[in-house]
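Take a look at the structure set out below.
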Amino acid sequence: MLEVMRASRLTQFPISPVLRETHGFKGRLTFFLLLAGALVFTFAALGHDIRASGTHLEPGWSVLVLVVALLIALGFEFINGFHDTANAVATVIYTNALPPRFAVAWSGLWNFLGVLFSSGAVAFAIVSLLPLDLLLKVDSSAGLAMIFALLIASILWNLGTWWLGLPVSSSHTLIGSIVGIGLAHGAMAGHIGISGNAWSQLTTVGYALFLSPVVGFFAAFVLLRVMSSTIRNRALFHAPEGRTPPPRWIRAILILTCTGVSFAHGSNDGQKGIGLIMLILIATVPLAFAVDRAHSPEQSRQLLALLQNSQEQLHRSGGSPATDPRQTLLSYQEDEVVHPELLPSLGSVIGDIGTRLQRHGQLDKVPAEEVQDLRNDLYLSLETIRLLDRSGQHFDLETWSSLQALRHEADRTIRFIPVWVKVAVALALGLGTLVGWRRIVTTVGEGIGKTPLTYAQGASAQLVAMLTIGAADGFGLPVSTTQVLSSGVAGTMAANGSGLQWPTIRNMLLAWVLTLPAAIGLAAGLYWLFTRLM
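Each number in our numbering corresponds to the 1-based position in the sequence shown with 1 added.
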């Protein structure tokens, strides 16, 4: 299998002269200075937040785990930068719309801005796919094993496929790793399969990941056909010669769409790293990051009022809570069966949260030994309310309104993202864009079609990719930049009749098909190994 995939690697001397440029000493020095500055900023900001929370970390195992886990998570985003973002610059570089060095720097800047202005919806959508009982015990050895297995499995597959020059999906890799951990964790606990709640969310994510390349192919196919029938300048439908740039208007479209794809990629893919880093911080420094300690006194009072009101509304529903109300809520996440004691149990957990918050007055006054349990109860209540809403559970208007308001406030309390985390991920993604792009650009520009990429094909594929990824980000759905753009390029090659290089297409499809099972196997094996070692 490896020999088949290795065969898809293109020559080290591609046709286009712009792909033969190398970085000089000054370029390398600048890169390493930026990298060092990014790491100093990240750990300085982390130290500030830890000190502000009153947490005192003694040098030792916990500090080592925190530092290593953060470096691996940032490494994942760095690899994502040159693995996925190469697709954003492929068409502008290959068509000479921008010089390579400027193109990757420009793309890195917009990836950076995309992460900074992201909503966080994708970050927590990805995290919510992990087994709930592990998320509630993320500070345990099993929780740390989950984090390390997830990151290392994703990095290994992404690096391997990049080395082979295959543009595969980092999103698929991450989702596969999550599934692998879920299956391994379930098997080790004595049950096989994925819970109904997780399966439902995986299905939604899977549809987005699998349908987006289909949309990319056919949308780019149609767009190029429309351009071919309406644009009279036939020079747009020829491949670049030497370093000749395209006409101004098509160049503007290429630069605009490169900018849009880079921003959308940062906004979508960058959030996955944000979610993983927040997991690491919650696991290792819960007092500082388990709940938003920047809550104002007014926000704490508002949360307390919503907790008390929701408990009262649920109490009116009648019935008695289970002996172990938290286990009842956990069981509901697995089977989604509404038992008579479910709503009273939800009210009991919500009431317990309110009692603790009332005792301490504000979130930032909750002591270290209670903060993780408080977060877990908020998370469990939030997920239960979300599932009840999705299942169509009937409530009177007052109860429903109270629960939705509580869900919104609880979401703000536990699903927050410190600004420095966004900046750190943005820097990792942006710096990753500056290196390693050449292999993927060569595949996209010269390896998909039998003829090199033309100006019109580059603009069509890039425009479709920008709109598709932007729409997915708006709906909080993780999609693959790689697959959308590669499929778009293939669609344009089919549209103008130039034909496809089927050996490359076959190997790309093979890599896409293998990504999920490979990531599942890697993550499951690593999770099993790490749980034995920790």
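For each residue, glycine too, the CB sits at the ideal point set by N, CA and C.
Residue range of the unbroken alpha helix (DSSP H) whose run includes residue i
i	result
GLY144	142-164
PHE476	Careful: PHE476 lies outside any alpha helix (DSSP H) and carries neither H nor E.
SER488	482-496
TRP421	420-434
GLN300	298-316
GLN363	No alpha helix (DSSP H) contains GLN363, which DSSP labels as neither H nor E.
MET279	249-285
THR1	The shown model of the chain, from 2 to 535, leaves out residue 1, and the question about it has no answer.
SER120	That residue, SER120, is in no alpha helix (DSSP H); it is neither H nor E in DSSP.
SER321	Per DSSP, SER321 belongs to no alpha helix (DSSP H) and is neither H nor E.
Residue i in three-state terms, based on DSSP
i	result
ALA520	helix
GLY450	strand
LEU468	helix
LEU130	coil
LEU237	helix
LEU11	Only weak support exists for where LEU11 lies, its pLDDT of 42 falling under 50; the coordinates are left without a value.
VAL5	Per-residue confidence for VAL5 stands at a pLDDT of 37, beneath the threshold of 50, marking its modelled position as unreliable; the derived number appears in the next sentence. VAL5: helix per DSSP, three-state reduction.
LEU501	strand
THR443	helix
GLY61	coil
MET535	coil
ASN88	helix
LYS27	helix
ILE232	coil
GLY48	helix
ILE16	With a pLDDT of 49 at ILE16, under the threshold of 50, the predicted position of this residue should be treated as unreliable, though the coordinate-derived value follows. Correct three-state label for ILE16: coil.
ARG174	In the sequence under discussion, the amino acid at residue 174 is Thr, which differs from the Arg named in the question. Of the three classes helix, strand and coil, the one that applies to THR174 here is helix, per DSSP.
GLU371	helix
ALA53	helix
ARG244	coil
ASN345	For the record, residue 345 in the displayed sequence is Pro; it is not Asn. The answer is helix: DSSP assigns PRO345 an H, G or I state.
LEU137	coil
ARG81	It should be noted that the sequence gives Asn, not Arg, for residue 81. Three-state result, ASN81: helix.
GLN394	coil
GLU337	coil
ARG294	coil
LEU167	coil
LEU530	helix
TRP438	coil
Proximity of residue i and residue j at Cβ, strictly below 9 angstroms
i	j	result
LEU72	LEU47	no
LEU305	GLN359	yes
SER349	PRO326	yes
LEU330	LEU379	no
THR174	THR516	yes
ALA462	LEU486	yes
GLN484	PRO248	no
GLY217	GLY492	yes
ALA496	LEU255	no
GLY181	ALA512	no
LEU347	THR400	no
GLY187	PRO132	yes
ALA190	GLY526	no
ASP365	ARG294	yes
ILE275	ILE176	no
LEU167	ASN508	yes
LEU435	ALA106	yes
ILE283	ASP140	yes
PHE113	GLY431	yes
HIS84	LEU160	yes
GLY500	GLY450	yes
GLY362	SER301	yes
LEU383	ASP336	no
ASN97	ARG244	yes
Integer Cβ distance of residue i from residue j, believed to fall under 8 angstroms
i	j	result
TYR456	LEU237	5 angstroms
ALA220	VAL465	4 angstroms
GLU78	VAL426	5 angstroms
ASP270	SER171	6 angstroms
SER178	ALA154	4 angstroms
THR285	VAL66	6 angstroms
THR443	LEU288	Not really, about 49 angstroms apart at Cβ, beyond 8 angstroms.
GLY448	THR505	4 angstroms
TRP158	LEU523	6 angstroms
- Is there contact between the region 146-153 and the region 385-397, where contact requires at least three CB pairs shorter than 8 angstroms? Touching, no, given that fewer than three Cβ pairs across the two stretches are closer than 8 angstroms.
- Message: Would you call the region 110-123 in contact with the region 257-274, where contact means no fewer than 3 C-beta pairs closer than 8 angstroms?
- Response: yes
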